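Residue numbers (the numbering used here): 1 to 330.
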């Protein structure tokens with residue numbers, strides 16, 4: 001019998017990472033001075049997450065789909081994606097500026113990398129600094145020649161859209177959009193199940209291996225959108241007990257659940273798995289349709305849990321005031 005699944009997060013040491021998300025996790029490797037990313041639900045081939053609770057502990061998410069099929073992910077999801085789990089959930093701590101980068105769309109990624117593309121959504125966490133900001137899009141029409149010249153003379157940042165953000169803000173980063181997280185920004189990220197990133201510029205930074213980190217300029221220019229654009233920073237104002245939609249794409253729907261008393265959710269109509277990411281406070285989750293030994297689970301900031309599609313009735317009880325969860329499904 002399936003039940004709510006928690007996973008052992010995969011932590012990544014990054015030269016731009018910091019100390020803000022590190023306290024959320026046990027067993028952080030001693031040599032991880034700066035934890036940049038925590039992948040809390042992943043089926044990326046090189047970095048899969050394994051189940052941490054119940055009788056399925058130790059199994060990889062990808063392997064479970066090949067056993068439980070649509071019972072785990074939902075009929076419409078299985079019909080479209082088969083045995084490939086199609087989203088990747090992360091927390092990211094940018095203690096320094098991330099590279100200026102771009103991701104391909106599905107067609108480009110299939111042709112260039114035999115992979116899914118990457119559309120992603122950022123939710124700004126309360127741990128972000130007051131000066132937190134992001135980059136998205138060009139302020140003027142660009143072309144390959146202008147980009148090459150701007151990289152050479154160090155003026156690329158003048159052509160990029162810079163946006164201040166604060167806790168609770170939301171940005172959708174479509175494939176083809178030039179973008180970056182800036183220093184002091186902590187986010188929850190929902191994205192397609194892909195690890196394809198093309199760097200345009202990286203401040204001549206040296207990587208963990210002591211060598212300058214490589215750019216992928218030729219590939220980046222093949223997938224970039226060159227037109228000027230503005231980034232819509234959504235600033236939802238949820239009230240307790242409400243569900244607020246943050247983003248709806250071809251790959252995921254993300255809602256924000258804010259509650260200070262018991263909240264019931266009925267997922268029978270959506271025919272999809274549901275994942276929760278805890279972004280503020282903590283709560284207890286109860287799934288009465290699961291095995292009695294696995295019906296109740298706690299969820300704290302920095303954690304995620306996957307609800308198989310066969311579990312329709314879920315009760316959430318806050319264990320701190322004003323708990324906030326991201327609710328993700330197809």
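Virtual Cβ for every residue (Gly too), placed ideally from N, Cα, C. Since this is a predicted model, take the numbers as computed values, not measurements.
So residue 69 and residue 188 are in contact, right, with Cβ under 8 Å, and what is the actual spacing, rounded? Not a contact, Cβ separation roughly 28 Å.
Just to confirm before moving on: does the CB-CB distance between residue 198 and residue 220 stay below 8 Å? yes
Starting from residue 112, follow the alpha helix (DSSP H) in both directions and report where the run begins and ends. Per DSSP, residue 112 belongs to the alpha helix (DSSP H) from 106-113.
Please classify residue 189: does DSSP put it in a helix, a strand, or coil? strand
In chain order, what residues of the same chain lie with their CB nearer than 8 Å to the CB of residue 156, ignoring the 5 residues before and after it? 100, 147, 150, 200, 201
Using the C-alpha atoms, what's the distance from residue 294 back to residue 136? 42 Å
How far does the alpha helix (DSSP H) with residue 144 in it reach, from first residue to last? It spans 144-153 - the alpha helix (DSSP H) in which residue 144 sits, taken as one unbroken run.
Is the Cβ-Cβ distance between residue 279 and residue 244 less than 8 Å? no
Determine whether the beta carbon atoms of residue 183 and residue 94 lie at a separation below 8 Å. yes
Could you tell me whether the region 71-90 touches the region 163-176, using the rule of 3 or more Cβ pairs below 8 Å? no
Work out the CA separation of residue 154 and residue 229 for me, nearest whole Å. Cα-Cα distance, rounded: 21 Å.
Between residue 128 and residue 177, what straight-line distance do the alpha-carbon atoms span, to the nearest angstrom? 23 Å
Relative to the C-alpha of residue 267, which residue among 260, 261, 276, 259 is closest? 276
Does residue 126 come out as helix, strand or coil in the three-state DSSP assignment? coil
Label residue 258 either buried or exposed according to how many other C-beta atoms from any shown protein chain fall within 10 Å of its C-beta, with 16 as the threshold for buried. buried
Considering only residues of the same chain and omitting the five flanking positions on each side of residue 282, which have a CB-CB separation below 6 Å? The residues are 300, 319, 320.
Residue environment, residue 211, which counts as buried when at least 16 other CB atoms sit within 10 Å: exposed
Along the chain, which unbroken stretches of the alpha helix (DSSP H) at least 4 residues long are found entirely within the region 20-89? 61-68, 70-73, 75-81
Determine the DSSP secondary structure at residue 250, reduced to helix, strand or coil. It is coil, neither helix nor strand.
Looking only at its chain, what residues have a beta carbon closer than 8 Å to the beta carbon of residue 240, apart from the 5 residues adjacent to it on each side? 258, 259, 260, 261, 322
Span of the beta strand (DSSP E) around residue 316: 313-318
Rounded separation between residue 235 and residue 168 - CA only: Between the alpha carbons of residue 235 and residue 168 lies a distance of about 7 Å.
In three-state DSSP terms, what is residue 221? helix
So residue 161 is in the beta strand (DSSP E); what residue range does that whole segment cover? 160-164
To the nearest angstrom, how far is it from the Cα of residue 112 to the Cα of residue 223? Going by the C-alpha atoms only, they are around 10 Å apart.
Just reading off the beta strand (DSSP E) that residue 226 is part of, what are its end residues? Counting along the chain, residue 226 falls outside any beta strand (DSSP E), and DSSP gives it neither H nor E.
Under a three-way DSSP split, which group does residue 294 fall into? helix
Say whether the region 31-47 touches the region 7-22, bearing in mind that this needs 3 or more beta-carbon pairs closer than 8 Å, one atom from each stretch. yes
Rounded Cβ spacing between residue 160 and residue 139 (contact assumed at less than 8 Å): 7 Å
Could you round the C-beta distance between residue 60 and residue 71 to whole angstroms and report it? I think they count as a contact, below 8 Å. Their Cβ separation, rounded to whole angstroms, is 17 Å, which puts residue 60 and residue 71 out of contact at 8 Å.
Residue 116 and residue 42 closer than 8 Å at C-beta: Contact annotation: residue 116 and residue 42 have beta-carbon atoms that are not nearer than 8 Å.
Expected contact under 8 Å - CB spacing of residue 118 and residue 191 to nearest Å: Confirmed, Cβ separation roughly 6 Å.
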